[in-house]
Amino acid sequence: MTPFLLATDLDNTLVGDDAALEILNRKLTHHRQKYGSKIVYVTGRMLPVCRQLARVKNLLTPDALIVALGTEIYFSPQETTPNPEWSEILTHNWDRDEIFAITKNYTELQLQPESEQNFWKISYYLAEWEAEKILPRLKADLKDAGWEVNLVYLAGQDLEILPKNGDKGLAVRFLQQQWQIPPELTVTCGDCLQDITLLNGVEKGIIVGNAQLELRQWYQKNRNDSLYLAKEFCAGGILEGLEHFGFL
Ligand SMILES: [Mg+2]
């Protein structure tokens with residue numbers, strides 16, 4: 125058995141089936157103690173909400189946390205300042221105030237509460253019927269001003285303006301480098317379109333059995349031996365996938 129890096133989404137991927145989670149936690153705890161495997165939670169949630177979920181659902185203490193859509197990395201849930209090295213990578217070609225000065229002119233964009241914002245994440249609500257005409261204009265305006273940002277429109281309502289490297293998949297790659305764990309010993313898991321950056325181009329990815337239709341459709345178009353679509357739901361699907369890839 126070799127140590128591996130498990131990077132999993134939380135809502136409806138790791139969390140959602142308490143009984144299966146308990147079994148998976150037991151196996152992961154054993155594996156981590158014996159072989160030094162790493163557990164990473166990757167989520168769009170902000171840190172306080174993530175901590176709350178971890179408490180309620182009795183989650184194992186992770187080796188690292190990637191929160192706020194990949195814009196903050198913590199090596200311990202107790203830390204209050206995100207990893208400075210990752211923060212520096214994000215800050216390249218990013219100035220929140222200057223970017224905000226452009227986006228605030230768009231009356232169609234409604235700023236989300238302060239609790240959803242951080243230095244590397246400007247979050248708005250944007251109605252689906254307006255997105256089609258607004259997004260190309262916004263992209264062009266930002267580009268003309270010299271900003272190369274990552275614009276993510278989620279679930280037909282949330283517009284996330286992130287640094288170019290503000291991406292969950294790139295955050296996992298950063299951790300691979302920190303721990304010197306190669307891609308073939310890294311497994312990522314997700315359940316919805318938001319997790320595509322975690323699953324696209326990886327050597328081992330698990331899509332849980334309860335995955336949303338849009339992610340299943342993406343899987344059908346991109347299916348290959350690196351991606352495993354589980355039959356079981358949530359933590360049960362992760363367990364099934366880890367067995368499929370020979371990690372457990
Ligand atoms: Mg999810």
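Heads up, the sequence shown is in our numbering, so the first residue is 125 and it goes up one at a time.
Where is the CB? At the ideal position from N, CA and C, for every residue including glycine.
query = Hey, is G333 close to ligand 1, as in C-beta under 8 angstroms from one of its heavy atoms?
reply = no
request  = Could you tell me which of W342, Q202, K181 and C313 sits nearest to L171, measuring between CA atoms?
outcome  = Residue nearest to L171 within the set W342, Q202, K181 and C313 is Q202 (criterion: CA-CA distance).
request  = Please name the residue in E327, C358 and K328 whose C-alpha comes closest to that of Q336.
outcome  = C358
inquiry  = DSSP has E212 in a bridge; who is on the other side?
reply    = Per DSSP, none; premise fails for E212.
query = Less than 8 angstroms between the CB of Q281 and some heavy atom of ligand 1, yes or no?
reply = no
message = I'd like to know if the stretch 346-358 and the stretch 138-152 are in contact, where contact means that at least 3 CB-CB pairs between them fall below 8 angstroms.
response = Touching, yes.
ask   = When every heavy atom of ligand 1 is checked, does at least one fall within less than 8 angstroms of the C-beta of T137?
value = Yes, the Cβ of T137 comes within 8 angstroms of a heavy atom of ligand 1.
inquiry  = Is D187 close to ligand 1? I mean its beta-carbon at under 8 angstroms from any heavy atom of the ligand.
reply    = no
Of the residues D315, S350, E232 and Q304, the one placed nearest S161, counting alpha carbons only = Q304
inquiry  = Give me the DSSP bridge partner(s) of L286.
reply    = N274
task = Along the alpha helix (DSSP H) that carries V173, what are the first and last residues, could you check?
result = L171 to V180
One or two residues paired with V164 in a DSSP bridge = A131 and A188
DSSP three-state assignment for Y159, whether helix, strand or coil = helix
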